[in-house]
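For reference, the structure discussed in these notes is given below.
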Amino acid sequence: MAKVEWYTDFVDERYTPAKDELVVLFYFEPAAGISKKEAVGRIASESSTGTWTTLFTMPARMKRLMATAFEIEGNFVKVAYPLDLWEEGNAPQLLSGIAGNIFGMKAIKNLRLVDAALPKEYVRHFRGPGQGMEGIRKLMKVKKRPLTGAVPKPKVGFSAAEHAHIGYETWMGGFDLVKDDENLTSTNFNRFDERVKLMTKLRDKAEKETGECKDALLNITAPVLEMEKRATLLYENGWRFAMIDVVVAGTSAVQHMRDILADYDMAIHAHRAMHAAFDRNPKHGLSMQFLAKLNRLIGVDQLHAGTAVGKLVGDKHEVQSVANVLREKVTKADGNTLMRQEWGGIKGAFPVSSGGLHPALVPDVMDIFGNECVILVSGGIHGHPKGTRAGAKASMDAMQAKMDGKTLEEAAKKSVELRQALEKWGYLKPK
Ligand code: CAP
Ligand code: MG
Numbered sequence: 015m016a017k018v019e020w021y022t023d024f025v026d027e028r029y030t031p032a033k034d035e036l037v038v039l040f041y042f043e044p045a046a047g048i049s050k051k052e053a054v055g056r057i058a059s060e061s062s063t064g065t066w067t068t069l070f071t072m073p074a075r076m077k078r079l080m081a082t083a084f085e086i087e088g089n090f091v092k093v094a095y096p097l098d099l100w101e102e103g104n105a106p107q108l109l110s111g112i113a114g115n116i117f118g119m120k121a122i123k124n125l126r127l128v129d130a131a132l133p134k135e136y137v138r139h140f141r142g143p144g145q146g147m148e149g150i151r152k153l154m155k156v157k158k159r160p161l162t163g164a165v166p167k168p169k170v171g172f173s174a175a176e177h178a179h180i181g182y183e184t185w186m187g188g189f190d191l192v193k194d195d196e197n198l199t200s201t202n203f204n205r206f207d208e209r210v211k212l213m214t215k216l217r218d219k220a221e222k223e224t225g226e227c228k229d230a231l232l233n234i235t236a237p238v239l240e241m242e243k244r245a246t247l248l249y250e251n252g253w254r255f256a257m258i259d260v261v262v263a264g265t266s267a268v269q270h271m272r273d274i275l276a277d278y279d280m281a282i283h284a285h286r287a288m289h290a291a292f293d294r295n296p297k298h299g300l301s302m303q304f305l306a307k308l309n310r311l312i313g314v315d316q317l318h319a320g321t322a323v324g325k326l327v328g329d330k331h332e333v334q335s336v337a338n339v340l341r342e343k344v345t346k347a348d349g350n351t352l353m354r355q356e357w358g359g360i361k362g363a364f365p366v367s368s369g370g371l372h373p374a375l376v377p378d379v380m381d382i383f384g385n386e387c388v389i390l391v392s393g394g395i396h397g398h399p400k401g402t403r404a405g406a407k408a409s410m411d412a413m414q415a416k417m418d419g420k421t422l423e424e425a426a427k428k429s430v431e432l433r434q435a436l437e438k439w440g441y442l443k444p445k
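Under the numbering used here, the first residue of the sequence shown is numbered 15, with each subsequent residue one higher.
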């Protein structure tokens, strides 16, 4: 019978990728009855030039565009992709290739895109963060410590006036940023433009009263033309950040908004809501470190990276890997978690640690991330026995204690707010 399939033409274990090839590390499990070689051939074929059967005609050019599965180690495989497969500066197209049909192939029982090593020639077509970590520190006039912020809680339900009041209390407790929750956009009880107007007034008041720089992560997530309008409204009101739920908004929208916001010299705070739909299963989906790489490449300035000690998934190794991908000039290789990545002129982005934190966990987060991060403590300040302002102060006192090398018990002797927080939550690690 004539040859029907040609998947194994995409496998060569003696192959050495060219310097300018894009290499992807996958975890894979063949379906029953499929050999590893047949499985990795399918991954390389379906994510580059192939299909399920041999074809009548094929242009000669196709040959040099074929991907090659070249390193199989247990259930991990590396696939090399010729650079010409990829349109310059087009992040959605990269995903359609290396994170598209292959997840649905019957011959592959489980598949996880762990990381991609992007060649310099590919990276140079992306702008990366507009502000980056240095730019944000300059904007906020915060030199050394982690930046701090909180989301008004309950997540949604406040009117714009109530929201702005909670924001003011958060700022007056010493926090830098007031963040909209991921599912707060412009609802009939808290319209975006109303919230911007009232938050602007109270930001100016808080800045005057504290002499500190105060800002907000106001959520512009919406259809893209509406996002443009909201970004402009923020800019016109002197805000220096915009928040986007980058996974639900989509890669194309984030790339577009990155250009708009960079023209406004505004930073992008990237919330990652919905990431756990595809990154928490260690056997299937996309890794958070790859999502972080993609978003730094496109140009978000800060991205949620997890806490390890809070209420949401992501252990210490994962959150530190994500932080490395976001911050380092060269991300070092790390087993089957990370491949080496040179970032060239692409600025670093802040990892954001948030989710189930309270004052007593702030030092733990600083142990994991160091100071080059943003720490959001939301329920952990609004649930303080003496309210938001006291909760923010307790968190700032915990952070100062850590920076002074003091225990929280010592610091609590001089901070009634920290003592009260310790009395309520102790060192609870919420689930
Ligand atoms: C945290 C939060 C953030 C999570 C997102 C929430 O609130 O506002 O959305 O941090 O998770 O809605 O849960 P709390 P991650 O501080 O009150 O938990 O940062 O892991 O993406
Ligand atoms: Mg939230």
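Using N, Cα and C, we set each Cβ at its ideal position, and we do this for glycine too.
Same chain, Cβ closer than 8 Å to residue i, five either side skipped, listed in chain order
i       : result
Val-18  : Thr-67 and Thr-68
Trp-100 : Leu-36, Gln-107, Leu-108, Gly-111 and Tyr-136
Val-376 : Ile-389, Val-391, Ser-409, Ala-412, Met-413 and Lys-416
Val-262 : Thr-235, Ala-287 and Met-288
Residue i Cβ short of 8 Å to ligand 1 heavy atom set
i       : result
Leu-308 : no
His-285 : yes
Asp-195 : yes
Glu-200 : The sequence shown places Ser at residue 200, not Glu. False, no ligand heavy atom lies under 8 Å from that Cβ.
Thr-321 : yes
Leu-368 : This sequence places Ser at residue 368; Leu is not what is there. Ser-368: yes, Cβ under 8 Å from ligand 1.
His-139 : no
Leu-132 : no
Lys-169 : yes
Helix, strand or coil at residue i according to DSSP, with G and I counted as helix
i       : result
Ile-360 : coil
Tyr-95  : strand
Ile-395 : helix
Phe-189 : coil
Phe-255 : strand
Phe-90  : strand
Arg-354 : coil
Asn-197 : coil
Tyr-441 : coil
Pro-31  : coil
His-283 : strand
Lys-123 : strand
Glu-148 : helix
Asp-229 : strand
Leu-132 : coil
Asn-115 : helix
Ala-81  : coil
Pro-106 : helix
Glu-19  : coil
Phe-40  : strand
Ser-266 : helix
Ser-59  : helix
Check: residue i C-beta below 8 Å from any heavy atom of ligand 2
i       : result
Lys-325 : no
Val-37  : no
Ser-429 : no
Lys-157 : no
Val-261 : no
Val-192 : no
Ser-165 : First, the residue type needs correcting, since residue 165 is Val and not Ser in the sequence shown. Indeed, a heavy atom of ligand 2 lies less than 8 Å from the Cβ.
Ser-392 : yes
CB-CB length for residue i against residue j, believed under 8 Å
i       : j       : result
Thr-229 : Ile-282 : One detail in the question is off: residue 229 reads as Asp in this sequence, not Thr. About 13 Å separates the two Cβ atoms, so there is no contact after all.
Leu-390 : Ala-164 : 6 Å
Glu-431 : Lys-416 : Actually they are not in contact, since the Cβ atoms of Glu-431 and Lys-416 sit about 16 Å apart, beyond 8 Å.
Lys-330 : Gly-370 : No, Lys-330 and Gly-370 are not in contact; Cβ-Cβ is about 15 Å, not under 8 Å.
Ile-86  : Glu-27  : 7 Å
Arg-141 : Arg-272 : 7 Å
Trp-439 : His-372 : 5 Å
Ala-284 : Val-260 : 4 Å
Gln-355 : Leu-132 : 7 Å
Asn-350 : Phe-90  : 5 Å
Tyr-95  : Ser-62  : 6 Å
Arg-310 : Ile-360 : 7 Å
Lys-428 : Tyr-41  : Contact flag wrong, Cβ pair sits at about 50 Å.
Ala-290 : Val-336 : Contact doesn't hold; Cβ gap of about 13 Å is too wide.
Close Cβ partners of residue i (< 7 Å) along its chain, the five nearest in sequence each way excluded
i       : result
Lys-51  : Thr-22 and Val-25
Asp-98  : Leu-79
Gln-334 : Ile-382
Ser-301 : Arg-126, Leu-127, Val-128, Asp-129 and Asp-293
Gln-145 : Leu-153, Ala-281 and Asp-315
Cut-off 6 Å between Cβ atoms - residues of its own chain near residue i, not counting five sequence neighbours on either side
i       : result
Gly-187 : Arg-403, Ala-406 and Lys-407
Asn-338 : Thr-345
Lys-443 : Val-323
Tyr-182 : Leu-216 and Ala-220
Thr-214 : Asn-251
Practice prompt. Report the residue ranges of all alpha helix (DSSP H) runs contained in full by the stretch 288-341; include only those spanning at least 4 residues, in chain order.
Written response: Listed in chain order, the alpha helix (DSSP H) runs fully inside the stretch 288-341 are 290-293, 302-312 and 330-341, counting runs of at least 4 residues.
Worksheet entry | Segments of 3+ residues assigned as beta strand (DSSP E) that fall wholly inside the stretch 157-187 | Taking only runs of at least 3 residues, the beta strand (DSSP E) segments lying wholly in the stretch 157-187 are 161-164.
Worksheet item: Counting only runs that start and end within the stretch 376-426, where is the beta strand (DSSP E) found for 3 or more residues in a row?
Response: Runs of the beta strand (DSSP E) inside the stretch 376-426: 388-390.
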